[in-house]
Amino acid sequence: MGFLDISHVSKAYGSVQVLHEVDISVEEGEFIVLVGPSGCGKSTLMNMIAGLEPITTGDISIRGRLMNGVHPSKRNIAMVFQSYALYPNMTVAQNMTFGLEMHGVPKAERDRLLADVARLLQIDHLLERKPGHLSGGQRQRVAMGRALVRNPDVFLFDEPLSNLDAKLRVDMRTEIKKLHQKLGTTIVYVTHDQIEALTLSTRIAVMNKGYIQQLGTPKEIYDTPANLFVATFMGSPAMNILPATIKVRDGVAFAEIADAQGRLQSLQFSQKNLASWDGKEILLGIRPEAITDIDGADRKSQNIQRFSNVVTVIEPAGSDTFVTMTVSGRDVVARMRADASVAARDRFEFAVNMDKAVVFDPKTEARIPG
Amino acid sequence: MPIRTTRADLRTRLQDFIPKIVLAPSLAAILIFVYGFIVFTGYLSMTDSKMLPSFDFVGLDNYVRLFSLPAWNTALINLVIFAALYIAICTVIGLGLAILLDQKIRGEGVLRPIYLYPMALSFIVTGTAWKWFLDPGLGLENTMHLWGWTDFQFNWIKDRHMAIYTLVIAAVWQTSGFVMAMFLAGLRGIDNEILKAAQIDGASNFALYRRIVIPLLRPAFLSAFVILFHMAIKSYDLVIALTGGGPGRATELPATFMYSYTFTRNSMGIGAASAVIMLMTVAAIMIPYLYSELGAKKE
Ligand SMILES: Nc1ncnc2c1ncn2[C@@H]1O[C@H](COP(=O)(O)OP(=O)(O)OP(=O)(O)O)[C@@H](O)[C@H]1O
Ligand SMILES: [Mg+2]
Chain A
306 MGFLDISHVS KAYGSVQVLH EVDISVEEGE FIVLVGPSGC GKSTLMNMIA GLEPITTGDI
366 SIRGRLMNGV HPSKRNIAMV FQSYALYPNM TVAQNMTFGL EMHGVPKAER DRLLADVARL
426 LQIDHLLERK PGHLSGGQRQ RVAMGRALVR NPDVFLFDEP LSNLDAKLRV DMRTEIKKLH
486 QKLGTTIVYV THDQIEALTL STRIAVMNKG YIQQLGTPKE IYDTPANLFV ATFMGSPAMN
546 ILPATIKVRD GVAFAEIADA QGRLQSLQFS QKNLASWDGK EILLGIRPEA ITDIDGADRK
606 SQNIQRFSNV VTVIEPAGSD TFVTMTVSGR DVVARMRADA SVAARDRFEF AVNMDKAVVF
666 DPKTEARIPG
Chain B
11 MPIRTTRADL RTRLQDFIPK IVLAPSLAAI LIFVYGFIVF TGYLSMTDSK MLPSFDFVGL
71 DNYVRLFSLP AWNTALINLV IFAALYIAIC TVIGLGLAIL LDQKIRGEGV LRPIYLYPMA
131 LSFIVTGTAW KWFLDPGLGL ENTMHLWGWT DFQFNWIKDR HMAIYTLVIA AVWQTSGFVM
191 AMFLAGLRGI DNEILKAAQI DGASNFALYR RIVIPLLRPA FLSAFVILFH MAIKSYDLVI
251 ALTGGGPGRA TELPATFMYS YTFTRNSMGI GAASAVIMLM TVAAIMIPYL YSELGAKKE
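These protein sequence lines map, in sequence, to chains A and B. Heads up: take any position in the first sequence, counting from 1, add 305, and you land on my numbering. Heads up: take any position in the second sequence, counting from 1, add 10, and you land on my numbering.
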């Protein structure tokens, strides 16, 4: 029994099923991020936790109290919206204390809470302004302040950073993370930005088409994605997926892939249980940072395989250099140190960290556990 | 080659020119028949015109005489009563209907046009229909008598103290649906997330409307006020159809005063002066409104 329990929750609008049997159990103090492409049902799930949408089937409970049918204001939750949803006719101070006022908190108490939160978020000087006279980042803070003064059991954030420009988004991301570490509150956070998901969360729920694809820590999601969808959705640039044939020699499995000129080369797997796949086609997943030059290879890795191929394009990106090549007919991206000496159209000796490689069943698209 | 460019040039120039040619007659017509005649009326108001326009300048004499006429003062008092009640009641009913319709009730699609239909009628039709309905010998009172309720009395339309209120009833009936549509559009324009936030904040329905929604409808209130105000000042056809200005002068409004002095009482100068006063009253409301609207757009 967790702090926030979502069990077997489904949602249908008429005959359209938008969420299927969602199960998430959140511990107190966790930072759960729901991530997935547009329309996958993140906001719908969030709204059901908040009580803004009725639950079709299943149960949601907070602190062991069943929430089905409980009014949003009686769930002791607070929500930060994508558009901030500040009341335009009220000052910042009124915006932040409106909820307390509606809950019958006395004026003196309201003022004390307001002052505390305003100091925490450094918005003391904005309290008498109207939202229309604030910048995007300031509105964002006020929206968070409005949630904080309520001191709720669970904070819900629905894409709170997506209206900010790139730089401010990164700053606010850090700010939110600091706030979570300082206050230790339980947070459910919706985003479609996988970087936000990886950096902020203690656990991530990757969603697609109304299904939870995988629920796990950022490391689990990144290193051992449950299926092709999670593998390609999380990470930037995306994981390289290439068709390969498994060859087993003396009980050791190799992936047979073709370089740009069609010459076959073998990469030895670290996985031990692929014997039954001998001769079969699989999909090999390798993250760009697992393909480097030989000097740049991860020294802790047990299994570095050499692979020689012709370089198609080089894209220097400041701290890294991205190298594109063709493997088994697909474009593959390698992420190298900025000072790696690679030249386009040359043949180059790559080091592939096979400890980090994952294998997918091409039929079910699920990862073959190693 | 150069020849072809000039030809293409000619064509683009022609294309630029055609809209101007097409618009020119209507522009000229508006300049003459609207603004020209406003200026002409303004001039007439300072002449001693009687039945026909005359050009003997008398300064502000007509204005002085206008405000000493009991008929004009009656018309002004009537206008104040009529406009205040008409605007207030239309706004209250329009807002009330809009809030009720906004509760996602079933049948909104049927109800909305029903409330809007009166607006499609001309004031002449509205006035005539209400004249019959309010006539003690024909309408409501007579029907009640026929149904056996013989004590029932409703003869405001024949009562010099109450007749002005029948004008309010008919005008409110005609316009509140339109005001409702304006408020409904305003309500629908409110960001859904704000309403969700208020729900989470625990606002009761009453607090939600009083503290958040109605303040957000300020632009709709302003537009409704301006539209209703200028309709009240222009009210002419409704009075003619419903009461003809009577009984006596009990329902005379500035617009009916202006018409009768200009065209039937041979005092064109005074009629013109009253028209100018009406124009200035409308302008005093409209110009600041248009400024604030256009100013807000620029921001
Ligand atoms: N009121 C509704 N009636 C019918 N379908 C709806 C309704 N609200 C949402 N949906 C559908 O439910 C699905 C999930 O919507 P939801 O808003 O939860 O997506 P999301 O993951 O939040 O996407 P985004 O990243 O674009 O915000 C979508 O396919 C949407 O079309
Ligand atoms: Mg959403």
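We put the beta carbon where it would ideally sit given N, CA and C, even for glycine.
Cβ neighbours of Met190 (chain B) within its own chain (closer than 6 Å, five residues either side excluded): Gly104, Leu107, Ala108 and Tyr125. The secondary-structure analysis by DSSP pairs Asn545 (chain A) across a beta bridge with A:Ile591. In the assembly as shown, Phe403 (chain A) is a buried residue. Its beta-carbon has 16 or more other beta-carbons within 10 Å. For the pair Asn215 (chain B) and Arg221 (chain B), the Cα-to-Cα distance works out to about 10 Å. Within the model, the alpha-carbon separation for Tyr219 (chain B) versus Met192 (chain B) is close to 16 Å. Taking 9 Å as the threshold, the shortest C-beta distance from Ile210 (chain B) to chain A falls below it.
Short note on Pro674 (chain A): C-beta not closer than 8 Å to any heavy atom of ligand 1. Residues Asp310 and Met372 of the same chain have their beta carbon placed closer than 7 Å to that of Ser366 (chain A), with the five preceding and five following residues left out of the count. Counting only runs that start and end inside the segment 45-91 of chain B, the alpha helix (DSSP H) elements of at least 4 residues fall at 47-54 and 71-78.
The segment 643-650 of chain A and the segment 552-570 of chain A do not touch, with fewer than 3 CB-CB distances between them shorter than 8 Å.
With contacts defined as CB atoms closer than 9 Å, Ile609 (chain A) and Asn658 (chain A) qualify as a contacting pair. Residue state for Glu333 (chain A) is assigned as coil, using DSSP reduced to three classes. Proximity to Phe653 (chain A) across A:Arg611, A:Thr669 and A:His313 peaks at A:Arg611, based on C-alpha coordinates. Residue nearest to Arg228 (chain B) within the set B:Gly281, B:Thr101 and B:Gly158 is B:Thr101 (criterion: CA-CA distance). For Leu488 (chain A), the closest alpha carbon among the candidates A:His325, A:Phe336 and A:Arg592 is that of A:Phe336. For Pro621 (chain A), the enclosing beta strand (DSSP E) has its first and last residue at Ile609 to Ala622. Look at Ser348 (chain A): its beta carbon is less than 8 Å from one of the heavy atoms in ligand 2.
Under the Cβ distance rule, Ala195 (chain B) does not count among the residues neighbouring chain A, no pair being separated by less than 9 Å. Arg478 (chain A): member of the alpha helix (DSSP H) spanning Ala471 to Leu488, first to last residue. For the segment 176-206 of chain B, the set of positions with a beta-carbon nearer than 9 Å to some beta-carbon of chain A reads Asp201, Asn202, Glu203, Ile204, Leu205 and Lys206 in chain order. For the pair Gly46 (chain B) and Ala34 (chain B), the Cα-to-Cα distance works out to about 16 Å. Contact of Phe460 (chain A) with chain B by beta-carbon distance below 8 Å is absent, the smallest such distance being about 11 Å.
Less than 9 Å separates the beta-carbon of Thr496 (chain A) from that of Val338 (chain A).
Per DSSP, the unbroken beta strand (DSSP E) holding Arg508 (chain A) starts and ends at Arg508 to Asn513.
Between Ala285 (chain B) and Ala265 (chain B), the alpha-carbon positions lie close to 8 Å from each other. Looking at the DSSP output, Ala317 (chain A) shares a beta bridge with A:Gln322. For chain A, the residues of the segment 221-243 of chain B that bring a beta carbon within less than 7 Å of one of its beta carbons are Ile222, Pro225 and Leu226, in chain order. Close CB contacts of Ala580 (chain A) within its chain, under the 8 Å cut and outside five residues either way in sequence, are with Val553, Gly556 and Ala558 (chain order).
Per the C-alpha coordinates, the member of A:Gln607, A:Val647, A:Gly601 and A:Leu426 positioned closest to Pro621 (chain A) is A:Val647.
Taking a Cβ-Cβ threshold of 9 Å, the residues of chain B close to Ile382 (chain A) are Ile210, in chain order. Burial check for Asp211 (chain B): the Cβ neighbour count within 10 Å reaches 16 or more, so the residue is buried. Burial of Leu405 (chain A) is indicated by the presence of at least 16 other C-beta atoms within 10 angstroms of its C-beta. Here the alpha carbon of Leu111 (chain B) sits roughly 43 Å from the alpha carbon of Ala81 (chain B).
With fewer than 16 other Cβ atoms inside 10 Å of its own Cβ, Thr153 (chain B) counts as exposed. Judged by DSSP in its simplified three-state form, Met630 (chain A) adopts strand. In terms of beta-carbon proximity, Ala94 (chain B) stays away from the interface with chain A, with every pair separated by 9 Å or more.
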